[in-house]
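Protein chains in written order, with the working numbering: chain A, 1 to 212; chain B, 213 to 424. Quick notes on the structure that follows.
2 protein chains.
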Amino acid sequence: MRLAELSERSGVSTATIKYYLRERLLPPGRRISATTADYGEDHLRRLRLVRALIQVGGLPVAKVREVLGHVDDDSLGRTIRLGAALWALPQGPEPQEGEAAAAARTEVDRLLAALGWASARELGELSPVHRSLVALVAVLLRLGYPCGAELMEPYARLMHQVAVHDMDRLDAYPTETEGVEAAVVSAVLFEPVLRALHRLAQEEEAARRYGL
Amino acid sequence: MRLAELSERSGVSTATIKYYLRERLLPPGRRISATTADYGEDHLRRLRLVRALIQVGGLPVAKVREVLGHVDDDSLGRTIRLGAALWALPQGPEPQEGEAAAAARTEVDRLLAALGWASARELGELSPVHRSLVALVAVLLRLGYPCGAELMEPYARLMHQVAVHDMDRLDAYPTETEGVEAAVVSAVLFEPVLRALHRLAQEEEAARRYGL
């Protein structure tokens, strides 16, 4: 398709598409004359992703380029490729060393042992997600709220069931690149949906227990 | 206990405690002379909550006062009291009317019908959580990503199991006020922990499927 059609089908203006092309957020089209190029379904899909990351996720252009670099890097193993793309997204807080961080680290270690999450234990604090969990638990403990391994365990087991669904969805994509793209979209756009479902479920459960 | 001990046990400076007292975020202590007052465990608990909302949640003082007003309002039924306190917290986006919002509304209605969440259906868009779910689904649909009732249903069922755990925890508090306080803390501090557990579970599951 030509630029005009790509613009119409994506709802993104031609000026913005040209900007994304210049910034290398979109691969160039197949050149068919000095002034025109041809774009395919891959361009349309990538354009949606770029728009989601910038307009909804609020990511700066340089960050989007970094994320896409990992998405496209098929020299990586699948787990690392997925991890690299997701880790390039904005992450939670980093742990600040101190008593609370040490206590939090102990609780997270105990949690992972109880769950039998061998890979998460092996990766450890190489993973920014792991570090951010330690930091969040440290904040709760420092403020005097309980957040021990026993409290987190049933939640972690349910979130693992959620992750199994996530991965089943990703596995259903025809190519690995599309699966990794979908994981990035999920992390930016679907996590807020999940949080809203959680809050709505709380309202439903409260009404069931105490009446409306 | 005296102000100095309240400060020591909470880790909040006496100047900050005095500021919270002036701003009516903390109820006054029991006056025992012209210049001293006595504070109880209730003050310590409330101080922790105020600090969590301001320092971690980033809520402005006026918003904290509004949330606490609902927490303390025992004239309300339990579900409404809980709802009022949670709804006063910062919420997600509001739906922008248009084609995508209409389609999103249809999907959310179908979802709630399939789940049999009668109270959530009855409350409908009176609930800011419901409105924000519609808005988020509309964004996904507008960008061309799937987010229909069938896709959301297994996630909603798992989030309901999470909510059952939440409510069991709240029910274990000795007083209704403490339960409502704990719900507010959870919404501000524990939701990020839940998101980190979800992401960590994704890493674990990816590694199990594709190797580390």
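Virtual Cβ for every residue (Gly too), placed ideally from N, Cα, C.
Within-8 Å CB hit, residue i to chain B
i: PRO192 of chain A; result: yes
i: ASP72 of chain A; result: no
i: LEU141 of chain A; result: no
i: ALA120 of chain A; result: yes
i: PRO202 of chain A; result: Checking the sequence, you will find Gln at residue 202 of chain A rather than Pro. Yes - at least one Cβ of chain B is within 8 Å of the one on GLN202 of chain A.
i: ASP166 of chain A; result: yes
i: ARG110 of chain A; result: no
i: THR79 of chain A; result: yes
i: SER132 of chain A; result: yes
i: ARG51 of chain A; result: yes
i: GLY29 of chain A; result: no
i: GLY92 of chain A; result: yes
i: ARG46 of chain A; result: no
i: ARG65 of chain A; result: no
i: VAL61 of chain A; result: no
i: LEU26 of chain A; result: no
i: LEU82 of chain A; result: yes
i: GLU205 of chain A; result: yes
i: ARG105 of chain A; result: no
i: LEU3 of chain A; result: no
i: ARG22 of chain A; result: no
Between the CA atoms of residue j and residue i - distance to the nearest angstrom
i: GLY98 of chain A; j: VAL396 of chain B; result: 26 Å
i: GLU365 of chain B; j: VAL129 of chain A; result: 26 Å
i: ARG290 of chain B; j: LEU197 of chain A; result: 21 Å
i: LEU271 of chain B; j: LEU265 of chain B; result: 6 Å
i: SER33 of chain A; j: ASP72 of chain A; result: 27 Å
i: GLU181 of chain A; j: ALA85 of chain A; result: 9 Å
i: TYR422 of chain B; j: MET167 of chain A; result: 11 Å
i: LEU261 of chain B; j: LEU140 of chain A; result: 11 Å
i: SER132 of chain A; j: ALA187 of chain A; result: 15 Å
i: THR35 of chain A; j: LEU47 of chain A; result: 21 Å
i: GLU388 of chain B; j: VAL374 of chain B; result: 20 Å
i: GLU403 of chain B; j: ARG195 of chain A; result: 8 Å
i: GLY179 of chain A; j: PRO240 of chain B; result: 57 Å
i: LEU89 of chain A; j: LEU68 of chain A; result: 10 Å
i: CYS147 of chain A; j: VAL405 of chain B; result: 9 Å
i: ARG333 of chain B; j: VAL320 of chain B; result: 10 Å
i: ARG81 of chain A; j: TRP87 of chain A; result: 10 Å
i: ALA384 of chain B; j: PRO93 of chain A; result: 30 Å
i: TYR39 of chain A; j: ARG9 of chain A; result: 12 Å
i: ILE229 of chain B; j: LEU218 of chain B; result: 9 Å
i: SER287 of chain B; j: LYS275 of chain B; result: 20 Å
i: VAL268 of chain B; j: PRO95 of chain A; result: 14 Å
i: TRP117 of chain A; j: MET213 of chain B; result: 45 Å
i: VAL12 of chain A; j: GLN303 of chain B; result: 28 Å
i: LEU21 of chain A; j: VAL61 of chain A; result: 12 Å
i: ALA206 of chain A; j: ARG199 of chain A; result: 11 Å
i: HIS43 of chain A; j: LEU363 of chain B; result: 25 Å
i: HIS282 of chain B; j: ALA325 of chain B; result: 30 Å
i: TYR231 of chain B; j: PRO386 of chain B; result: 29 Å
Beta-carbon proximity of residue i to residue j, cut-off 8 Å
i: ALA201 of chain A; j: HIS372 of chain B; result: yes
i: ARG236 of chain B; j: ARG277 of chain B; result: yes
i: ALA249 of chain B; j: ARG257 of chain B; result: no
i: LEU370 of chain B; j: LEU158 of chain A; result: yes
i: LEU189 of chain A; j: TYR367 of chain B; result: no
i: GLY295 of chain B; j: GLU204 of chain A; result: no
i: LEU424 of chain B; j: SER119 of chain A; result: yes
i: THR14 of chain A; j: LEU3 of chain A; result: yes
i: LEU323 of chain B; j: ALA361 of chain B; result: yes
i: ARG381 of chain B; j: ALA312 of chain B; result: no
Short CB-CB distance (under 8 Å) between residue i and chain A
i: GLU309 of chain B; result: no
i: PRO366 of chain B; result: yes
i: HIS410 of chain B; result: yes
i: TYR385 of chain B; result: no
i: VAL196 of chain B; result: There is no way to answer for residue 196 of chain B, as the model of chain B reaches only from 213 to 424.
i: HIS372 of chain B; result: yes
i: SER339 of chain B; result: yes
i: VAL397 of chain B; result: yes
i: ALA375 of chain B; result: yes
i: GLY356 of chain B; result: yes
i: GLY423 of chain B; result: yes
i: LEU348 of chain B; result: yes
Residue i Cβ short of 7 Å to the ligand SAH heavy atom set
i: VAL392 of chain B; result: This structure simply doesn't include the ligand SAH, nor any ligand for that matter.
Listed by chain order, chain C residues near residue i by CB distance under 7 Å
i: ALA361 of chain B; result: Note that chain C does not occur in the displayed structure, where the protein chains are A and B.
Quick check on the DSSP output: what are the complete alpha helix (DSSP H) runs of length 4 or more inside the region 101-127 of chain A, in order along the chain?
118-123
Within the chosen definition, does the region 347-354 of chain B reach the region 315-334 of chain B through at least 3 CB pairs nearer than 8 Å?
yes
Please give me, in chain order, every unbroken run of the alpha helix (DSSP H) with length at least 4 that falls completely inside the region 217-262 of chain B.
226-234
Sequence ranges, beta strand (DSSP E) only - wholly within the region 136-178 of chain A, length at least 3
none
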